[in-house]
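Below is one structure, written out as structure tokens; comments come after it.
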Amino acid sequence: MLLSLCNEVLREFPFPDQCRIAAALGYQGLEVAPFTLGDDPLALSDTVIRDCRRTAEDHGLAITGLHWLLIAPAGLSITTDDQALRRKTLSLLERLIEICAALGGSVLVHGSPAQRMLDHAASPEAARENAAGVFEKAAGWAAAANVTYCVEPLSRNQTDYINTVEEAAGIVDAINSPAFRTMIDTASAGLAEEETVAALIRKWVPTGRIAHIQVNDTNQRAPGQGENEFTPVFQALKDVGYDGIVAAEPFVYEPDGPTTAAVAAGYIRGIMENLR
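So in the numbering used here the end of the sequence shown lands on 282, straight run, no missing numbers.
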């Protein structure tokens, strides 16, 4: 397993400093939120992208992928009936897939809960149909770029669409592309699923539908900063032979970003070094 850090934890620092800190803490990669690189990801030049990749590599890091895809610019939606807005959203996704590949990343995580609410369309059925069209386009672009596009199940307190791995797996099956998969976010799974996260891993990873893991406590802080027990999670990942990316993605940074990243790295490495 490759341990990556979601870079918005360190977004107060310039990108070279983010790389320096993450590498010093023992992370092997960065999972990048595009809005941390610029207010409008569509405006990011190829030169900026090359410089980011080179900077990460100079610090011994891989850029493992992208997440928080639709935060900026504001107002995007995959479920909207507004065809012009949906085309704008698709244009950004196409460019982000290109950026991910150019950065050397392998996975894009489609979370963006506000941008997939069902009330963006006239009916829930229309919203799901609109989203399916977006996902089908994204899957084709991802396949051409040799990256994997992952739809992320998120808890119901964030969005009303795609809350469980089972729901996401149904969409994966409908899209039917090797470049389109789902994932497990431990905080959302801990809030939305009836089964434990470890049980979900044992059930779904062997099916081939899971292509990514994000780890965070249900209190929105880092692993090791809450009550969730992560040893069973990593034991399950080892037992099913998962050898992909595990990205630490806390949302609350207390007392600050670097300390949060340090706690997560130390806690996770301690677990991984002692697995049976």
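Glycine is no exception: its CB is placed at the ideal position from the N, C-alpha and C atoms.
Would you mind giving the Cβ-Cβ distance between residue i and residue j, rounded to the nearest angstrom? I have them listed as a contact below 8 Å.
i, j, result
"Y273", "G230", "3 Å"
"L109", "I55", "6 Å"
"A175", "L31", "That pair is no contact at about 34 Å."
"C25", "A62", "5 Å"
"L281", "Q241", "6 Å"
"Y248", "V211", "6 Å"
"E37", "G263", "Going by Cβ atoms, the distance from E37 to G263 rounds to 15 Å, so no, they are not a contact pair."
"I190", "I219", "5 Å"
Alpha helix (DSSP H) containing residue i: first to last residue?
i, result
"T188", "Looking at the DSSP string, T188 is not in any alpha helix (DSSP H); the run it does join, the beta strand (DSSP E), is 186–191."
"Q206", "According to the sequence displayed, residue 206 carries Leu and not Gln. Taken as a continuous stretch (DSSP letters only), the alpha helix (DSSP H) holding L206 covers 203–210."
"T237", "237–245"
Mapping the DSSP letters down to three states, classify residue i as helix, strand or coil.
i, result
"Q231", "coil"
"L197", "helix"
"S97", "helix"
"G81", "coil"
"T224", "coil"
"E131", "helix"
"A39", "coil"
"I251", "strand"
"H65", "coil"
"Q121", "helix"
"Q24", "helix"
"F141", "helix"
"I168", "coil"
"E104", "helix"
"D262", "coil"
"P47", "helix"
"T86", "coil"
"N280", "coil"
"N136", "helix"
"G272", "helix"
"G110", "coil"
"L16", "helix"
Let's see if you can read the secondary structure: which residues bound the beta strand (DSSP E) around residue i?
i, result
"V178", "That residue, V178, is in no beta strand (DSSP E); its alpha helix (DSSP H) goes 171–181."
"Q220", "216–221"
"I69", "68–72"
"T154", "154–157"
"L8", "8–12"
"L114", "113–116"
Hey, would you say residue i sits closer than 9 Å to residue j, going by beta carbons?
i, j, result
"T85", "P119", "no"
"G293", "A68", "Shown here, the chain extends from 7 to 282; a query on residue 293 therefore has no answer."
"E255", "C58", "no"
"Y33", "L9", "yes"
"L43", "L75", "no"
"R208", "V246", "yes"
"H65", "A39", "no"
"E100", "A144", "yes"
"P20", "L102", "no"
"A193", "T224", "yes"
"G270", "A228", "This sequence places Ala at residue 270; Gly is not what is there. Yes."
"R93", "Y167", "no"
"G196", "N169", "no"
"E200", "W147", "no"
Is any beta-carbon of chain B found at less than 9 Å from that of residue i?
i, result
"R187", "Of the chains in the structure shown, none is chain B; there is only one protein chain."
**Prompt:** How about the region 168–188 and the region 150–158: do they share at least three Cβ pairs that are nearer than 8 Å?
**Reply:** yes
**Prompt:** Counting pairs of Cβ atoms below 8 Å between the region 157–175 and the region 115–124, do you hit three or more?
**Reply:** yes
**Message:** Assess contact between the region 199–217 and the region 239–256, defined as three or more Cβ pairs (one per stretch) separated by less than 8 Å. Is contact present?
**Reply:** yes
**Item:** Three CB pairs or more closer than 8 Å across the region 131–150 and the region 81–96
**Value:** yes
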